[in-house]
Amino acid sequence: MEYRVLGKTGLNISRMGFGGIPIQRIDAEGTKVLMHKLVEAGVNYIDTARGYTVSEQYLGYALEGIRDKFILATKSMARTREAMAKDIDISLSNLKTDYIDLYQVHNPTAEQLEAVCAPGGALEALLEAKEAGKIGHIGVTIHHVEVFRMALELPWVETIMFPYNIVETQGEDLIAKCTEKNIGFIDMKPLAGGAIEDATLAMRYVCANPNVSVVIPGMADIAELEQNLAAVNDTAPLSAGEKEKMEAIRKSLGTQFCRRCNYCAPCTVGIPISAVFLFQGYLERYGLQGWAKDRYAALNVKASACIECGACEPRCPYNLPIRQMLKKAAEGFGE
Numbered sequence: 001m002e003y004r005v006l007g008k009t010g011l012n013i014s015r016m017g018f019g020g021i022p023i024q025r026i027d028a029e030g031t032k033v034l035m036h037k038l039v040e041a042g043v044n045y046i047d048t049a050r051g052y053t054v055s056e057q058y059l060g061y062a063l064e065g066i067r068d069k070f071i072l073a074t075k076s077m078a079r080t081r082e083a084m085a086k087d088i089d090i091s092l093s094n095l096k097t098d099y100i101d102l103y104q105v106h107n108p109t110a111e112q113l114e115a116v117c118a119p120g121g122a123l124e125a126l127l128e129a130k131e132a133g134k135i136g137h138i139g140v141t142i143h144h145v146e147v148f149r150m151a152l153e154l155p156w157v158e159t160i161m162f163p164y165n166i167v168e169t170q171g172e173d174l175i176a177k178c179t180e181k182n183i184g185f186i187d188m189k190p191l192a193g194g195a196i197e198d199a200t201l202a203m204r205y206v207c208a209n210p211n212v213s214v215v216i217p218g219m220a221d222i223a224e225l226e227q228n229l230a231a232v233n234d235t236a237p238l239s240a241g242e243k244e245k246m247e248a249i250r251k252s253l254g255t256q257f258c259r260r261c262n263y264c265a266p267c268t269v270g271i272p273i274s275a276v277f278l279f280q281g282y283l284e285r286y287g288l289q290g291w292a293k294d295r296y297a298a299l300n301v302k303a304s305a306c307i308e309c310g311a312c313e314p315r316c317p318y319n320l321p322i323r324q325m326l327k328k329a330a331e332g333f334g335e
């Protein structure tokens, strides 16, 4: 296993980490088996979140006796000081640990990121927890390019997590800037939420980029772990044949695949278009139907509210048939 320094955190992490979303599909005992396999393989980075239902609890159980083998990261949707302080303590309890190596602000919008930094915002609680030794480092996870640009300019940001894969390359220039600023870059969605079926090819593509500090595929069984390990440990240059396959994947997904750049916004009736497609991906590809439906149900405006005005489509740099895609999403979610 290759190891990298995670930017200004100074943490020495494995090239591949463990994404904690899919363990919601298994159980605590299955998670424990996976964690011990990670130790054997030299994987020392684990990512989870307060929002991943039982993920923190399963990991807390599974890491008993081997906590010191891992760099542990989690995240919270809290935007205020009070809510973030509460979430940090819940995470510590769930994970059965007295410290968390990296605590991240989870997927803020531009306005929410400003609120996090404002007086009474979540950053105050994060800095207090860091001073108290509850957390070691602070990062942010992002789905939109404009928020990525904002985060790069914030002095407290030590790591940034963002989607990057064969078909989602919109953040590539910003990922390079992470290296320039010594900010650790954590790659999520290396398989584009499961849209890319060739996991080996997907992982090799991501790891060919030297600006990626760590890639965190979601894994729920040993077979997935072994396949991803083999791909990451294969450091041979990408072949011409592999590059041809990548281009075929781009052509296959490119016309119907939302990259969550958010250029289509704002919707005239308030539909959060990229969020709808994000949850649809979890519904169709991750096998997390209940989780996806709960989050979709929480949206103030659903896909079915589309009036087919078409204002969004000219703004999309990928020429997606957004109205048609929203209709399909509404059918999938039943509203």
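Residue 186 in our numbering is what sits at position 186 of the sequence shown, and the numbering runs on without skipping anything.
We put the CB at the ideal spot given by N, CA and C, even for glycine.
Who are residue i's beta bridge partners in DSSP?
{"i": "F18", "result": "I46"}
{"i": "I183", "result": "DSSP output for I183 lists no bridge partner at all."}
{"i": "K130", "result": "Answer by DSSP bridge pairing: none, since K130 is not bridged."}
{"i": "K75", "result": "Q104"}
{"i": "G121", "result": "T80"}
{"i": "M161", "result": "T141 and I186"}
{"i": "R4", "result": "I13"}
{"i": "G218", "result": "G19"}
The alpha helix (DSSP H) with residue i in it runs from where to where?
{"i": "T179", "result": "E172 to E180"}
{"i": "S239", "result": "Premise fails: S239 is in no alpha helix (DSSP H) and is neither H nor E."}
{"i": "I90", "result": "R81 to N94"}
{"i": "R323", "result": "I322 to F333"}
{"i": "Y205", "result": "A199 to C207"}
{"i": "V276", "result": "I273 to G281"}
{"i": "R269", "result": "In the sequence as presented, Arg is not what sits at residue 269; that position holds Val. No alpha helix (DSSP H) contains V269, which DSSP labels as neither H nor E."}
{"i": "L154", "result": "Neither: L154 is in no alpha helix (DSSP H) and is coded neither H nor E."}
{"i": "K293", "result": "Q289 to A297"}
{"i": "Q227", "result": "I222 to N233"}
At what residues does the beta strand (DSSP E) containing residue i begin and finish?
{"i": "T31", "result": "Here T31 belongs to no beta strand (DSSP E); instead the alpha helix (DSSP H) covers A28 to A41."}
{"i": "G139", "result": "I135 to T141"}
{"i": "Y58", "result": "That residue, Y58, is in no beta strand (DSSP E); its alpha helix (DSSP H) goes S55 to A62."}
Could you pull out every residue in the same chain whose Cβ sits closer than 6 Å to the Cβ of residue i, ignoring the five residues on either side in sequence?
{"i": "S213", "result": "R4, L6, G184 and F185"}
{"i": "K8", "result": "E158 and N182"}
{"i": "P217", "result": "G19, P190 and N228"}
{"i": "V340", "result": "Residue 340 lies beyond the residue range present for the chain, which begins at 1 and ends at 335; the question has no answer from this structure."}
{"i": "A330", "result": "A303 and S304"}
{"i": "T200", "result": "A231"}
{"i": "E313", "result": "I322"}
{"i": "K177", "result": "L152"}
{"i": "G139", "result": "L102, Q104, E158 and T159"}
{"i": "N107", "result": "T141 and H143"}
{"i": "T179", "result": "N211"}
{"i": "Y58", "result": "I23, A28 and T31"}
So is residue i in contact with chain D if we call contact Cβ pairs under 8 Å?
{"i": "G241", "result": "The structure shown has no chain D; it contains just one protein chain."}
Residues in its own chain within less than 7 Å of residue i by CB, not counting five upstream and five downstream?
{"i": "I249", "result": "I166, V167 and I196"}
{"i": "W291", "result": "Q24, T53 and Y282"}
{"i": "Q170", "result": "V145, R259 and C261"}
{"i": "F148", "result": "I142, I160, F162, G171 and L174"}
{"i": "A220", "result": "P22, I23, R25 and I26"}
{"i": "C309", "result": "T268"}
{"i": "A265", "result": "I273"}
{"i": "D101", "result": "L11, I71, L72, A73, G136 and H137"}
{"i": "A78", "result": "M84, D87 and A122"}
{"i": "A311", "result": "T268"}
Can we count residue i as close to the ligand HEM, meaning its CB is less than 7 Å from some heavy atom?
{"i": "L288", "result": "Of ligands this structure carries none, so the ligand HEM is not represented either."}
Suppose the cutoff is 8 Å on Cβ atoms and the five residues either side in sequence are ignored; what does the same chain contact list for residue i look like?
{"i": "Y263", "result": "R315, C316 and P317"}
{"i": "I412", "result": "Absent from the model: residue 412. The displayed extent of the chain is 1 to 335, so no value can be given."}
{"i": "G287", "result": "P22 and R25"}
{"i": "S55", "result": "G20, I21, I23, Q24, T48 and A49"}
- Query: Would the stretch 37 to 50 and the stretch 8 to 16 be scored as touching if the rule is three or more Cβ pairs under 8 Å?
  - Reply: yes
- Message: For the pair the stretch 26 to 35 and the stretch 116 to 127, tell me if three or more CB-CB distances fall below 8 Å.
- Response: no
- Inspect the CB distances between the stretch 231 to 250 and the stretch 124 to 144 and report whether three or more fall short of 8 Å. no
- Message: For the stretch 293 to 300 against the stretch 205 to 212, do three or more pairs of beta-carbon atoms, one drawn from each stretch, fall closer than 8 Å, so that the two count as touching?
- Response: no
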